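A quick write-up on the structure given underneath.
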Amino acid sequence: MARRATQLTPGTGKPEQIATVLEHEIRSGVLGFGDRLQSENELVQRFSVSRNTVRKGLEELSSRGLITTRVGIGSFVTFDGMPVDDAVGWSRALANAGANAETRTLRLEVIEDAELAAKLGVDNPAFIAVDRVRTNANDGHAISIERSRLPLSPELEDVPLRGLREGSLHQTLRGAGLVPDHGEEWVDIEMLSAADAAILDCAPGTPFLRTRRLTRAADGRPIEFVTSLLNPAHFALHLEF
């Protein structure tokens with residue numbers, strides 16, 4: 297149910313204020329037993345705070361014994377049936393899932409992409425392009441191609457010259473203070489182009505799982521947009537509901 301924006305007052309911590317407002321709604325009957333709270337996004341808009349502040353408020357409400365949380369609808373990519381937790385970085389996540397992957401960088405340079413800038417809502421059309429291919433270290437068969445686009449910023453401007461930190465994009469971003477907080481992802485199927493097929497040593501037209509993932513910082517700033525082509529012999533999308 298939609299609710300009006302709620303102004304928080306100075307003096308008391310914002311998470312505590314959020315918890316108190318929601319507690320009042322629960323105890324007054326506005327929210328009944330078993331009713332769902334607004335989503336995190338809706339609460340962020342309602343209270344004009346960050347997602348992290350909302351989460352702390354919900355933790356406080358939970359500590360008061362007024363709400364419980366449970367896993368809702370969610371999805372994640374798997375490699376040979378094992379979840380790929382890319383919060384630790386894609387390379388390490390694949391290794392943790394059992395992939396014996398060898399990574400080769402195809403491209404690391406500054407490009408301009410006005411269309412992507414418009415899509416992400418950034419003024420500067422300059423991006424750092426990081427393209428990598430992963431193959432099985434044993435027999436060389438294709439695992440994935442990933443094409444990352446990082447909005448060019450002062451924190452990252454020397455990356456094309458010095459390279460990725462320890463060869464890891466994950467470490468590079470965190471070393472620059474760019475920590476993903478939330479985002480969105482799209483998944484579909486793409487038939488390999490002749491160029492991508494040559495890189496992956498596959499036949500043109502081979503179907504691959506395509507993911508497009510946008511990650512943002514806590515303040516909503518875009519950090520990375522990555523398009524990945526994943527070999528469906530290994531990768532799948534797992535849905536929980």
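First residue of the sequence shown: 297, per the numbering used here; consecutive thereafter. Positions of the beta carbon are idealized from the N, C-alpha and C atoms, including for glycine. A quick note: this is a predicted structure, and the numbers were derived from the prediction, not measured.
For residue i, does the three-state DSSP call read helix, strand or coil?
| i | result |
| --- | --- |
| Asp-454 | coil |
| Gly-368 | Below a pLDDT of 50, predicted positions are generally treated as unreliable, and Gly-368, at 48, falls in that range; no measurement from the model is reported. |
| Glu-490 | The question names Glu, yet the displayed sequence has Ala at residue 490. Correct three-state label for Ala-490: helix. |
| Thr-431 | strand |
| Ser-440 | strand |
| His-530 | coil |
| Leu-525 | strand |
| Pro-259 | Beyond the ends of the chain as shown, which are 297 and 537, falls residue 259; an answer cannot be given. |
| Gly-377 | coil |
| Leu-474 | coil |
Using the DSSP secondary-structure output, state which residues sit across from residue i in a beta bridge.
| i | result |
| --- | --- |
| Leu-469 | The partner list for Leu-469 (beta bridge, DSSP) is empty, contrary to what the question assumes. |
| Ile-363 | DSSP output for Ile-363 lists no bridge partner at all. |
| Ile-485 | Leu-505 |
| Leu-446 | Ile-424 |
With the cut-off set at 8 Å, would you say residue i and residue j are in Cβ contact?
| i | j | result |
| --- | --- | --- |
| Gly-479 | Thr-511 | yes |
| Leu-354 | Phe-375 | no |
| Leu-448 | Ala-414 | no |
| Leu-362 | Ile-322 | yes |
| Ala-397 | Asn-432 | yes |
| Val-522 | Arg-443 | yes |
| Ile-424 | Leu-525 | no |
By how many angstroms is the C-alpha of residue j removed from the C-alpha of residue i?
| i | j | result |
| --- | --- | --- |
| Lys-352 | Pro-311 | 6 Å |
| Val-367 | Leu-535 | Confidence at Val-367 is low in this model, with a pLDDT of 45, below 50, so its placement is unreliable and the value that follows should be read with caution. Taking the straight line joining both Cα atoms gives about 12 Å. |
| Pro-450 | Gly-328 | 49 Å |
| His-466 | Glu-411 | 25 Å |
| Val-380 | Leu-505 | 15 Å |
| Phe-574 | Leu-304 | In the structure displayed, the chain extends from 297 to 537; residue 574 sits before or after that span and is not available. |
| Gln-334 | Leu-533 | 27 Å |
| Ala-472 | Asp-497 | 35 Å |
| Gly-377 | Phe-531 | 8 Å |
| Gly-541 | Pro-503 | A query on residue 541 cannot be resolved here, the shown segment of the chain reaching from 297 to 537 and no further. |
| Ser-359 | Glu-462 | 41 Å |
| Asp-427 | Arg-347 | 31 Å |
| Trp-386 | Glu-356 | 33 Å |
| Leu-469 | Val-406 | 16 Å |
Measuring only between beta-carbons, confirm whether residue i sits less than 8 Å from chain B.
| i | result |
| --- | --- |
| Asp-454 | Structure shown: chain B not included; a single protein chain is present. |
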